[in-house]
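Quick mapping for you: the protein sequence lines, in order, are chains A and B.
According to my numbering, the first sequence is numbered sequentially starting from 15.
According to my numbering, the second sequence is numbered sequentially starting from 15.
Protein chains: 2
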Amino acid sequence: MALVCDGALRILDQTLLPHEEKWIEIRSPDDMIREIQRLGVRGAPLIGVAAALALAQYAESGADQTQLKNAAQKISAARPTAVNLMAAVNRLAPLADNPKRFIAEAEAIFEEDVALCEAMAKRASDFIQDGDRILTHCNTGALATVGVGTALGAIRKAHESGKKIHVFVDETRPLLQGSRLTAWELGKLGIGYSLVCDNMAGALMARGEVRKVFVGADRIARNGDVANKIGTYPLAVLAKYHSIPFYVVAPKSTLDPDCGSGADIPIEIRDGDEVRFGKSPRNCEVWNPAFDVTPRSLISAIILDDRIL
Amino acid sequence: MALVCDGALRILDQTLLPHEEKWIEIRSPDDMIREIQRLGVRGAPLIGVAAALALAQYAESGADQTQLKNAAQKISAARPTAVNLMAAVNRLAPLADNPKRFIAEAEAIFEEDVALCEAMAKRASDFIQDGDRILTHCNTGALATVGVGTALGAIRKAHESGKKIHVFVDETRPLLQGSRLTAWELGKLGIGYSLVCDNMAGALMARGEVRKVFVGADRIARNGDVANKIGTYPLAVLAKYHSIPFYVVAPKSTLDPDCGSGADIPIEIRDGDEVRFGKSPRNCEVWNPAFDVTPRSLISAIILDDRIL
């Protein structure tokens, strides 16, 4: 859990993990927008819940209908790719004239995320066999949701049901959600793992070390194309080349009926300093997309909370 | 040029580039072994030359035949994958009874590297067209050789002949030879480039941004399989999937007739701290291979100094 709402609304600063656990109090929608943008709070499902709770807090503090609608519009634009953010805001915005219902709906979004995680993690864990060696990318666990997570939730459920699993964790450049967050979560859960750089996954597969790939999703288009953390697409190509099953685990709220295909999904381009990080020539040109699109043809199954695509 | 031998033998400390240009004086074979192992001096052709010159310096200082042979054996084992190191030592070792010929042979190895680079870079540059957008990995330029380089030498020759080129530079985790060294070289040469993380190359290819891939090699087996910097193999798989030509540029000294296939090439596994670098949970398990093997079937052409395979 990386977000609590017990009187105060607080988020666990994910930029400082695993070496520091610092909670940041959120006092306004603008506070939450800043944390969403700098990835203090991150993970497609979590930023949807975080936005909803920040708006509910604003409603509780007495914001009027116009203020709520403006804040909702602003927070839904904080990051462009994960559809969960817009989906949460779109559920709340029509209730802006009724603070009580507005707040109750935000609480429902929070509670639903826990239930969605349970359902999809349980369903996806059936795809994991005893002895499996699973490659995963980015962070899709308890830090990315308010429940057990998506892809990492499935791994956790399989582990808790007694299956022996080894996980290969892609470090996930540039912001290292794999080495900082997924490794930390796996350690806490007592699940064995090996950390690798993103560019080592191919060699692992060539050696026959990887039995399955499990990833999450930030947005799923109508045709089944999936936007997810940059580096997902090359893993899917490699998995196909090596005949390794490639699974996407996500809640149904990640489906976007308004996107016909992956080409319609807006991809966030982030600051080049995340890639340079003091190592490259200063101010050199950088291309830093935060996500890529994996076509449906490379995906063995998309495992939702309520069905399998 | 990252190595000079003008009275003193000195190497440019490649671990500090691009922000600091510090030259380290080498006074013994052990000094050079240490620098080879910590990648103060790196690049398959360069470490062959560096080993030869360190042994020549030892011969000049009066080392006897036994001392020379022992030092040769020790330095040839400094790193296991790049065959250039063993090839250089194997040329010198039989001359250990004749210091004058021993030293002359080391000087010949140095001078040959310059000529080999010129020849292969010129030959490989014919594969580059005006307007090409080329992806490269690791560093294969003047810092990796004592000449113009291998793959990056070809890009340089094409640029110098007036072809307009844009280069996509893979940062090359874990040690960032792309963002630290290749970006620095391209900047000095005035060749336009964009830096990307290794896991972004797939998205670049999917967008049609990459016309060709050029990489170097650390060892080429008899069947044409190529060992090169970790991350090369997934690029080759991605290039094949996107029907993008994938070229390997190397001197003939990188051919190893004693290796039947890539499976026979020893792959160096390096310290996990290179991957952790203070970001992951302390002491977490890491798999850190420095190289991977690309099968011949994924390579469009291997361009040597004297012929094309």
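Beta carbons: idealized from backbone N, C-alpha and C, even for Gly.
| Asked | Found |
| --- | --- |
| Establish whether the CB of Met214(B) and some CB of chain A are separated by less than 8 Å. | yes |
| For the beta strand (DSSP E) containing Val307(B), name the first residue and the last one. | Phe305 to Thr308 |
| Residues of chain A with CB closer than 7 Å to the CB of Gly245(B), please, in chain order. | Asn213 |
| So what does DSSP say about Thr154(B), is it helix, strand or coil? | coil |
| Counting only the same chain and skipping the five closest in sequence on each side, list residues whose C-beta sits under 6 Å from that of Arg115(A). | Leu109 |
| Enumerate in chain order the residues of its own chain whose CB-to-CB distance from Lys136(B) is below 7 Å, with the five nearest sequence positions on each side excluded. | Lys171 |
| So that I know if they touch, is there some Cβ in chain B lying closer than 8 Å to that of Cys152(A)? | no |
| Would Glu174(B) pass as an interface residue toward chain A - the criterion being a Cβ-Cβ separation below 8 Å? | no |
| In the DSSP output, what is Ala124(B) paired with across the bridge? | It is worth fixing the name first, because residue 124(B) is Phe in this sequence and not Ala. DSSP lists no partner for Phe124(B). |
| With three or more beta-carbon pairs closer than 8 Å as the criterion, would you say the region 82 to 90 of chain B touches the region 40 to 50 of chain B? | yes |
| To the nearest angstrom, report how far apart Ala133(B) and Arg187(A) are at their CA atoms. | 37 Å |
| Just to make sure I have the definition right: I need the residues of chain A whose C-beta is within less than 8 Å of the C-beta of Gly201(B). Which are they? | Pro295 and Cys298 |
| Pick helix, strand or coil for His256(A), following the three-state DSSP scheme. | coil |
| Which residue wins for smallest C-alpha separation from Ala231(B), given the options Arg221(B), Ala77(B) and Leu269(B)? | Leu269(B) |
| Taking all protein chains shown into account, do 16 or more other C-beta atoms lie within 10 angstroms of the C-beta of Thr80(A), making it buried, or fewer, making it exposed? | exposed |
| Please list, in chain order, the residues of the region 268 to 288 of chain A that have any C-beta partner in chain B closer than 7 Å. | none |
| Taking beta-carbon pairs under 7 Å, can you tell me which members of the region 166 to 199 of chain B lie near chain A? | Glu185, Arg187, Pro188, Leu190, Ser193, Arg194, Ala197 and Trp198 |
| Is the CB of Val240(A) under 8 Å away from at least one CB in chain B? | no |
| Since Ser208(B) meets chain A, which of its residues come closer than 7 Å, beta carbon to beta carbon? | Glu299, Val300 and Trp301 |
| Going by C-alpha to C-alpha distance, which of Ala66(B), Arg296(B) and His33(B) sits closest to Cys19(B)? | Ala66(B) |
| Please report the Cβ distance between Ile205(B) and Val181(B), rounded to the nearest whole angstrom; I am assuming they are in contact, meaning their Cβ atoms lie under 8 Å. | 6 Å |
| Rounded to whole angstroms, what's the CA-CA distance from Pro309(A) to Asp239(A)? Just pull it up for me. | 4 Å |
| Can you tell which of Arg284(A), Val55(A), His256(A) and Ala118(A) has the C-alpha that lies nearest to the C-alpha of Ala156(A)? | Val55(A) |
| Based on the DSSP output, what are the partners of Trp37(B) in its beta bridges? | Leu26(B) |
| What are the boundary residues of the alpha helix (DSSP H) that Asn242(A) is part of? | Looking at the DSSP string, Asn242(A) is not in any alpha helix (DSSP H); the run it does join, the beta strand (DSSP E), is Val240 to Lys243. |
| Candidates Tyr261(B), Pro248(B), Arg321(B) and Trp198(B): which alpha carbon is nearest Pro32(B)'s? | Trp198(B) |
| Could you tell me which of Asn302(A), Ala70(A), Cys152(A) and Ile258(A) sits nearest to Ile123(A), measuring between CA atoms? | Ala70(A) |
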